[in-house]
Amino acid sequence: MKRIVILISGRGSNMEAIVEACAAQAWPARISAVISNRADAAGLDYAAARGIATSAVEHRAYPDRERFDAALAEAIDQHAPDLVVLAGFMRILTAGFVQRYAGRLLNIHPSLLPAFTGLHTHRRAIEAGCKLAGATVHYVTAELDHGPIVAQAAVPVLPDDTEQTLAARVLASEHRLYPMAVRWAVEGALRIEANGVVRQRDGAAQLLL
Ligand code: GAR
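See below:
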């Protein structure tokens, strides 16, 4: 059984989708813990109700990123995870932290990377006149939102979209995309090639919704 630790900062709807898929599809894995940088993250209540260990490592309690990341790593390592999954975890991680979990740290970002790294992705996609938007699951590297791409989901940008309506459409795609990609990781179906390109065993890595 592979062990997964999920990091959240708030609502945790992607975490929920992963927890539910893990149980419903009988993955060879269990969610060992859900950890948040905010004690009031709504997703912690859901995880606790599902019998999953939860904890909070409040970033505000630490004077700098290095010390916060060290405390976070200590909390994570108590569960000896094979995979660490960032699901709406809204902290920039230090290079040391990223290195510690190299090759077993996944993130989901709400854009079709490499377009729109950083924040306000939906507003920026609408302002740029994009006709497609989406989400990307990638391995985390030290450069923000730049790691090897595992899988992407694309959705249309509709003429009347607001930031909110587009965000909702992308989020629904995330809930299908992220469990699929995490499952591949726990099943050993992913390989990062020397050039940084990720290959999935069956060659499937896009969802068009
Ligand atoms: C998701 O849309 C996720 O892609 C995004 O935050 C949201 C979290 O929602 N992540 C980032 O922007 C990371 N830079 P959730 O808490 O309901 O899963």
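According to the working numbering, the sequence shown holds residues 4 to 212 in order.
Just so it is clear, CB atoms sit at the ideal spot from N, CA and C, and this is done for glycine as well.
Under 7 Å from any heavy atom of ligand 1, does the C-beta of L210 make it?
-> no
Rounded Cβ spacing between H178 and N17 (contact assumed at less than 8 Å) | Indeed they touch by this definition, with Cβ atoms about 7 Å apart.
Give a yes or no on whether the C-beta atoms belonging to L135 and L180 are separated by under 8 Å.
-> no
If you draw a straight line from the alpha carbon of G106 to that of H141, how long is it in whole angstroms?
-> 10 Å
To which residues of the same chain is E190 closer than 7 Å at the C-beta, ignoring the five residues directly before and after it?
-> P31
To the nearest angstrom, report how far apart L86 and R186 are at their CA atoms.
-> If I take the Cα positions, the gap works out to 11 Å.
3-residue-minimum beta strand (DSSP E) runs that sit fully inside the region 9-51, ordered along the chain = Listed in chain order, they are 32-39.
Kindly list the residues whose CB is nearer than 6 Å to the CB of C133, restricted to its own chain and excluding five residues on each side of it in sequence; keep chain order.
-> V160
Name the residue from S58, A90 and A24 whose alpha carbon lies nearest to the alpha carbon of A78.
-> S58
Cα-Cα separation between V70 and I95, rounded to whole angstroms = Inspection of the sequence shows that residue 70 is occupied by Arg rather than by Val. Rounded to the nearest angstrom, the two C-alpha atoms are 13 Å apart.
Span of the alpha helix (DSSP H) holding L169?
-> Boundaries of the alpha helix (DSSP H) around L169: E166 to V189.
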